[in-house]
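K.L.:
Number of protein chains: 2
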Amino acid sequence: MLSEFDLIKRYFQRARPASDRTVLGIGDDCALLAPSPGRLLAVSSDMLVEDRHFFAGADPFQLGHKSLAVNLSDLAAMGAVPLGFTLALALPAADPAWLDGFSRGLFALADAHGCELVGGDTTKGPLNICITIFGELAPGQALRRDAARIGDDIWISGTLGDARLALAGCLGEIALDADAQALAATRLHAPTPRVALGRLLAEGRLAHAALDISDGLVGDLGHILAASKVGALLDVDALPAGPVLARQAPGLRRRFTAAGGDDYELCFTAPAANREAIMAAGAQCATAVTRVGRIEAGPGLRLADGDGAPLRMQLQGWDHFSDR
Amino acid sequence: MLSEFDLIKRYFQRARPASDRTVLGIGDDCALLAPSPGRLLAVSSDMLVEDRHFFAGADPFQLGHKSLAVNLSDLAAMGAVPLGFTLALALPAADPAWLDGFSRGLFALADAHGCELVGGDTTKGPLNICITIFGELAPGQALRRDAARIGDDIWISGTLGDARLALAGCLGEIALDADAQALAATRLHAPTPRVALGRLLAEGRLAHAALDISDGLVGDLGHILAASKVGALLDVDALPAGPVLARQAPGLRRRFTAAGGDDYELCFTAPAANREAIMAAGAQCATAVTRVGRIEAGPGLRLADGDGAPLRMQLQGWDHFSDR
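First to last, the sequence lines map onto chains A and B. If you read the first sequence in the working numbering, its first letter stands for residue -12, the second for the next number, and so on. If you read the second sequence in the working numbering, its first letter stands for residue -12, the second for the next number, and so on.
If you want it as structure tokens, here you go:
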């Protein structure tokens, strides 16, 4: 029988801190970090619950990846450089195979971003994964939701909708062939946080506002519009669809790019004068960036098709307390 | 039907940051904090699960208090000054009465410690409360578990065992009269984090090692001994029992003070030369401090009675993956 302390030691405590920013890691009442002088600390928490954010029986390696990825994505959306994270884990049982897979998926992504596990908690309970992540950035560089300005372009990183398409396949809403389902599912289960792009946008002061798209573009962009007290025009046919979704019917493509969910791409606004620099930043970190609309004075979000004609779509963002 | 955003706005988002350390609070991808130059950041996470850490139907005001108290207690055990915290909350439903009580209990304690809620997450799921707390302290002042030295006194703040006694009453292990049960239960449901004492011990460099007692003194002290590679002699009859436990039979008193659990008192070690200064620090923050043993070279923990005679007791620390 694996005890709580054995579990932490075997799966989560590593030989030495990965970074000299960590003065004291796992094993005391608190971890101790040494932030860089003069920089701001960015903090975000995400909680993933079985049957809500992932299916029971989800692959533990992918779950370890995704749990950290959604948090790294929040740092990316702020333009912050990852420092470290805490992990609080409620588990129905201390299952060695699950813990091995989960911790390997978690650390593979953590190591790729130089982001160290510094502490946390483990307890028995219905499966629940709560990560709090820390990053840092220079004052004045943060990509805040309230910073969009009239006339800004609206940009999207990567592609949208394949995660929602994979979910639709899992739920039997649509039928995909096995290879297409498997390809789309990589976007659902192993999203890529756009940390390097966010950092380039912040450090180069290329963008004004940003957020990461987790609940669907239309709903999430609405948060930027509300916080910045502006409106927007969005060219729905310009939205970059994931490779699997791109082969689906236009109606589905519009719906899942505009309001899919679980994309973990960045949506950001930037002055037109920065277009070339933004394309160069995207190229530098091998991340596609696509212009999809502009910020306007009139309140609300207007959707248009590729010809600029108004589009009426019934779209809804994700709400964790609705039963959709 | 309360949406996720309404819920956050109504119960958790307050008009303005409580502290000028918070550059950006709830509502963006990350919160932004401005740590004091040259100080270390202390970080801790605790996850509370229904039926594991509290009973189903627990009073939400007390639960809000306790959820933050156990985290503040971790800062206290490090000697850190609270800055802020994130709250991730999984709820079976958005129940206004529960949210009102929980948020009031949480903020009452947060305000008492100038510790601001800066961000978090809410989702639907089995009730789970995960708080990550941030504090700061000067380099070299942290009360680490590995810092006990041979010859140190061992000290305890406050009193021990009433929380365990209340649990025993709830579980029907013992019978207490209603008033005694109610009094002991305040220690179980509304522990007092010893933040001021921890800070005085750290800033005055009065103590070497410290931790907070959450899983029972004997087990938790064992972590100091292991990390510091020392042993200890503990005078079990010197352990300060809570007012309700103090009236119980000596055997029960010994057992619940030595290995009760849920005490959230500090156990710390300090050189004998600091005895007067430690008593003065306790008086300054109105927290009793009691000497209960000493750190020795020989490995392991030896228990003695009030006459110094060896005591043999079957005691066990709390392990979240055992089914005790």
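Quick reminder that beta carbons are idealized off the backbone N, C-alpha and C, glycines included.
1) How far does the alpha helix (DSSP H) with threonine 9/A in it extend, from its first residue to its last?
2) Do you know offhand how far glycine 106/A's Cα is from leucine 221/A's?
3) Answer yes or no: do alanine 67/B and leucine 96/B have a C-beta to C-beta separation smaller than 8 Å?
4) Determine which residues of the segment 37 to 63 of chain A have a Cβ less than 9 Å from any Cβ of chain B, and write them out in chain order.
5) Can you tell me where the beta strand (DSSP E) with phenylalanine 121/B in it begins and where it stops?
6) Please state the DSSP three-state secondary structure of arginine 311/B.
7) Check whether the Cβ of glycine 106/B lies closer than 8 Å to any Cβ atom in chain A.
8) For a contact defined as C-beta to C-beta under 9 Å, what are the partners of cysteine 254/B on chain A?
9) So what's valine 279/A in DSSP terms, helix, strand or just coil?
10) Residues in its own chain within less than 7 Å of serine 90/B by CB, not counting five upstream and five downstream?
11) Nearest-angstrom Cα distance between glycine 206/A and leucine 147/A?
12) Along chain B, in chain order, which residues have C-beta atoms closer than 8 Å to that of serine 31/A?
13) If distances are taken between C-alpha atoms only, which option among Ser54/B, Ala155/B, Met65/B and Leu290/B comes closest to histidine 40/B?
14) Between the alpha carbons of leucine 212/B and glycine 218/B, how many angstroms are there, rounded?
15) Have a look at aspartate 61/A and arginine 132/B and give me their C-alpha separation to the nearest angstrom.
16) Against chain A, with Cβ distances strictly below 8 Å, would glycine 112/B count as a contact?
17) Should glutamate 263/B be labelled buried (16 or more other beta-carbon atoms within 10 Å of its own) or exposed?
18) Using the rule of at least 16 other Cβ atoms within 10 Å of the residue's Cβ for burial, across every protein chain shown, is aspartate 149/A buried or exposed?
19) Assuming contact is defined by CB atoms lying nearer than 8 Å, are alanine 21/B and leucine 27/A in contact in what I supplied?
20) Using the rule of at least 16 other Cβ atoms within 10 Å of the residue's Cβ for burial, across every protein chain shown, is methionine 65/A buried or exposed?
21) Is leucine 76/B helix, strand or coil by DSSP?
22) Residues of chain B with CB under 7 Å from valine 10/A, in chain order?
23) So which residues on chain A does asparagine 261/B lean against when the C-beta distance must stay under 8 Å?
24) Whole angstroms is fine: what's the gap from leucine 288/B's alpha carbon to valine 223/B's?
25) For proline 113/B, does the count of other Cβ atoms within 10 angstroms reach 16, so buried, or fall short, so exposed?
26) Quick one: is glutamine 235/B buried, meaning 16 or more other Cβ sit within 10 Å of its Cβ, or exposed?
27) Exposed or buried, arginine 299/A, counting other C-beta atoms within 10 Å across all chains shown (16 or more means buried)?
28) Between which residues of its own chain and glycine 269/A is the CB-CB distance below 8 Å, once the five residues before and five after are set aside?
29) Are any of the Cβ atoms in chain B nearer than 8 Å to that of aspartate 164/A?
30) On the DSSP letters alone, give me the boundaries of the beta strand (DSSP E) that valine 30/B sits inside.
31) Per DSSP, what are the beta-bridge partners of tryptophan 142/B in this structure?
32) Name the chain A residues whose beta carbon is nearer than 9 Å to that of leucine 198/B?
33) Have a look at alanine 291/B and phenylalanine 255/B and give me their C-alpha separation to the nearest angstrom.
34) For aspartate -7/B and arginine 1/B, what's the separation of their Cα atoms in angstroms?
35) Would you list, in sequence order, the uninterrupted beta strand (DSSP E) runs of no fewer than 3 residues that lie entirely inside the segment 147 to 175 of chain B?
P.N.:
For this structure:
1) Note, threonine 9/A: premise wrong, no alpha helix (DSSP H); beta strand (DSSP E) at 9 to 11.
2) 42 Å
3) no
4) Glu37, Asp38, Arg39, His40, Ser60, Asp61, Leu62 and Ala63
5) 115 to 124
6) No answer about arginine 311/B holds up, because its pLDDT of 42 lies below 50 and its placement is not dependable.
7) yes
8) Result: empty, since nearest Cβ-Cβ is about 11 Å, beyond 9 Å.
9) strand
10) Tyr(-2), Phe(-1) and Gly51
11) 14 Å
12) Asp16, Cys17, Ala18, Thr73 and Gly106
13) Ser54/B
14) 6 Å
15) 33 Å
16) yes
17) exposed
18) buried
19) yes
20) buried
21) strand
22) Leu27
23) What asparagine 261/B touches in chain A: nothing, since even the nearest Cβ is about 20 Å away.
24) 11 Å
25) buried
26) buried
27) exposed
28) Ser144, Leu184, Ala275 and Val276
29) no
30) 27 to 36
31) Phe255/B and Arg278/B
32) Asp15 and Asp16
33) 19 Å
34) 13 Å
35) none
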